[in-house]
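Asker: Sequential numbering from 0 applies to the sequence shown in numbering that gives the first Met the number 0.
Virtual Cβ for every residue (Gly too), placed ideally from N, Cα, C.
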Amino acid sequence: MGLTGIQIFKMLPKTNCGECGVPTCLAFAMNLASGKAELDACPYVSDEAKEHLAEASAPPIRLVAIGAGTRAFKIGGETVMFRHEKTFFNPTGLGAMIPSGIDSGELDKKLKVWNAFQFERVGVNLRPELVALKDVNGDASAFAAAAKKIAEESEFGLVLMSESLDALKAAVDVSVFKKPLLYAATAENVEEMGNFAKEIGLPLVVKADNVEGLTALTDKLTGMGLKDLVLDSGSREPKQVFEDQVTMRRAPLKAGNRSLGFPTITFPCEMASNLDVETMLASMLIAKYAGIVVLSDFTGESLFPLLVERLNIFTDPQRPMTVTEGIYEIGAPDENSPVLITTNFSLTYFIVSGEIEGSRIPSWLLIMDTEGLSVMTAWAAGKFVGDAVGMFVKKSGITDKIAHRKIIIPGYSASISGDMEEELPDWEVLIGPRDASLIPKFLKDMAS
Ligand code: SF4
């Protein structure tokens, strides 16, 4: 259990200086206890108090780092049940299962295909993070050989799944640089698995037959000094898994139950007999509250929608999604290609760039930073007005890429054309269509 506001207050300086953003130390203590403030906000807390307060100020669900290198990620650290209350912070890791008995050539093939699944969206690289290697025949050397290959020849992080401690040790020996996640400590092996994870400093999955069973195991492991735990409630039945995920989110957040204050791992690959159903279950689990989701395979048609769902759920709902300001090439534009401009609200970008692409007329698209506002809103807020847009066009560098001086502005911002022409006296400002779906016709008419 975390500390109460009064217990925290006793350890604060009690000067009521207000530098933490609230007028009194008591108010700060109350905010800290309810997770609404960070301890760092008070510059005057003593080191001794800091140590004591670390538990109270830590997120109710522990943040656990998984993997190393380009696909390393963090899970947990969440502070709310519902995204609209604040935001969800650490996206669900996506993994696929590989049995240790896999033929080496087949493994090569899979890794090559899976490595290539990377998608660019709103300036973000979307890709899966993990391979879960499952020991299927107790052959420690085959398990270690597959772990070595995955660790050395792919960017993926690893979940090492075996009931045999010897097999896990052999696999860890050759893949420890990837900081694999060990699976799993159970009622039968908790002591030895806990000791090994502690000694090697790797995160450990705790698996029980149900949520209640997890509490005794995590208490034992934290008592042994382990901190980086991941929970598997054991069920593979969709309704029960859903309920378990909610329980494991609610218990630490609402009841201060630190025994369940860890991120979770789920296995749609063991909950369904085909990838379509797995994908549907994974979609539910990304929203409700899995730290890691393991599928039986990665395919484009399954992975892409899950990655986009994850991207959308793990963004701050109070901040519009944006794309980076700059010049975007659509097709292979040259010096005579048309130039269009719009705002950096990601939905605007996707719609406009999609329509330009659909026109098959290579074009330059200028994206101006309007703090994620759409054209009309940005105009109303004074962020997409003639002189500002004109100045942006000048400094964007587009003039180095084109031989003409024509620019197409969104139809809804026609009123800024006069001010733009004043700012850009050598340019002709063309009013584009109001509706993005008319952009292809507009571009084709211009080209003819
Ligand atoms: Fe108290 Fe620290 Fe806040 Fe000052 S900054 S009011 S000392 S908690």
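Measuring only from the beta carbon, is G17 closer than 7 Å to any heavy atom that is part of ligand 2?
Answerer: For ligand 2, the structure offers nothing, since it holds only ligand 1.
Asker: Answer yes or no: do Q244 and Y182 have a C-beta to C-beta separation smaller than 8 Å?
Answerer: No, they are not a contact pair.
Asker: Could you give the distance in angstroms between the alpha-carbon of E334 and the alpha-carbon of T323?
Answerer: Their backbone Cα atoms lie some 23 Å apart in a straight line.
Asker: Any chance the CB of T23 is under 7 Å from a heavy atom of ligand 1?
Answerer: T23: yes, Cβ under 7 Å from ligand 1.
Asker: How about K35: is its C-beta nearer than 8 Å to some C-beta of chain B?
Answerer: The structure shown contains no chain B; it holds only a single protein chain.
Asker: I'd like to know whether the C-beta atoms of K405 and L429 end up nearer to each other than 8 Å.
Answerer: Their beta carbons are under 8 Å apart, which means K405 touches L429 by this criterion.
Asker: Alpha carbons only, please: which of F391, I329, K219 is nearest the one belonging to P361?
Answerer: Of the listed residues, the one whose Cα sits closest to P361 is I329.
Asker: Going by other Cβ atoms of all chains shown within 10 Å of its Cβ, with 16 needed for buried, is C16 buried or exposed?
Answerer: C16 is exposed by the Cβ-count criterion.
Asker: What is the DSSP secondary structure of R249, counted as helix, strand or coil?
Answerer: R249 falls in the helix class under three-state DSSP.
Asker: May I ask which residues mark the beginning and end of the alpha helix (DSSP H) holding T221?
Answerer: Run containing T221: 210-222, per the alpha helix (DSSP H) assignment.
Asker: Bridge partners for S99 per DSSP, in chain order?
Answerer: Paired residues: none, contrary to the question.
Asker: Does ligand 1 have even one heavy atom less than 7 Å from the beta-carbon of T14?
Answerer: It does: the Cβ of T14 is within 7 Å (strictly closer) of some heavy atom of ligand 1.
Asker: Locate the alpha helix (DSSP H) running through N89, then write down its first and last residues.
Answerer: Note, N89: premise wrong, no alpha helix (DSSP H); not H, not E.
Asker: Using only alpha-carbon positions, find the residue among A435, D418, S295, D434 that is nearest to E427.
Answerer: Considering only alpha carbons, the answer is D418.
Asker: Taking the alpha carbon of T86 as the point to measure from, which residue in F8, E152, N311, Y43 has its own alpha carbon closest?
Answerer: It is N311 whose Cα lies nearest to the Cα of T86.
Asker: Verify the contact flag: F142, CB atom, against every heavy atom of ligand 1, threshold strictly below 7 Å.
Answerer: Flag unset: Cβ of F142 not near ligand 1.
Asker: What would DSSP say about Y288, mapped onto helix, strand or coil?
Answerer: Residue state, collapsed to three classes: coil.
Asker: Look up M160 in the DSSP assignment and say whether it is helix, strand or coil.
Answerer: Three-state DSSP puts M160 in a strand.
Asker: Between which two residues does the beta strand (DSSP E) harbouring K197 extend?
Answerer: It is not in any beta strand (DSSP E) - K197 instead sits in the alpha helix (DSSP H) that spans 189-199.
Asker: Give the single residue among K393, S395, E370 whose Cα lies nearest to the Cα of F383.
Answerer: Among K393, S395, E370, the Cα nearest to that of F383 is on E370.
Asker: Taking the beta strand (DSSP E) that F72 belongs to, which residues open and close that run?
Answerer: Element bounds for F72: 72-74.
Asker: Any contact of the region 63-80 with the region 101-111, i.e. 3+ C-beta pairs under 8 Å?
Answerer: Too few Cβ pairs lie closer than 8 Å, so no.
Asker: Indicate the three-state DSSP secondary structure (helix, strand or coil) for G396 in the structure shown.
Answerer: In the structure shown, G396 sits in coil (DSSP, three-state: anything other than H, G, I, E or B).
Asker: Looking at the strands, I want to know which residues DSSP matches up with I340.
Answerer: L365.
Asker: Check whether the Cβ of L11 lies closer than 7 Å to any heavy atom of ligand 1, and answer yes or no.
Answerer: It does: the Cβ of L11 is within 7 Å (strictly closer) of some heavy atom of ligand 1.
Asker: Tell me which same chain residues have a C-beta within less than 6 Å of the C-beta of L180, skipping the five on either side of it?
Answerer: Within the same chain, L180 has close Cβ partners I65, V158, P202.
Asker: Buried or exposed: which applies to S153, given that a residue is buried once 16 or more other Cβ atoms fall within 10 Å of its Cβ?
Answerer: By the neighbour-count rule (16 or more Cβ atoms within 10 Å), S153 is buried.
Asker: Cutting at 8 Å between CB atoms, please list the residues of its own chain near I415, excluding the five before and the five after it.
Answerer: Cβ neighbours of I415 beyond the five flanking positions: W378, F383, V384, G385, V388, I408.
Asker: Identify the continuous alpha helix (DSSP H) that holds V307 and give its terminal residues.
Answerer: V307 -> alpha helix (DSSP H) spans 299-312.
Asker: With burial defined as no fewer than 16 other Cβ atoms inside 10 Å of the residue's Cβ, what is the status of F155: buried or exposed?
Answerer: Counting Cβ neighbours within 10 Å, F155 comes out buried, since at least 16 surround it.
Asker: Y288: beta carbon under 7 Å from a heavy atom of ligand 1?
Answerer: Not under cutoff, so the answer is no.
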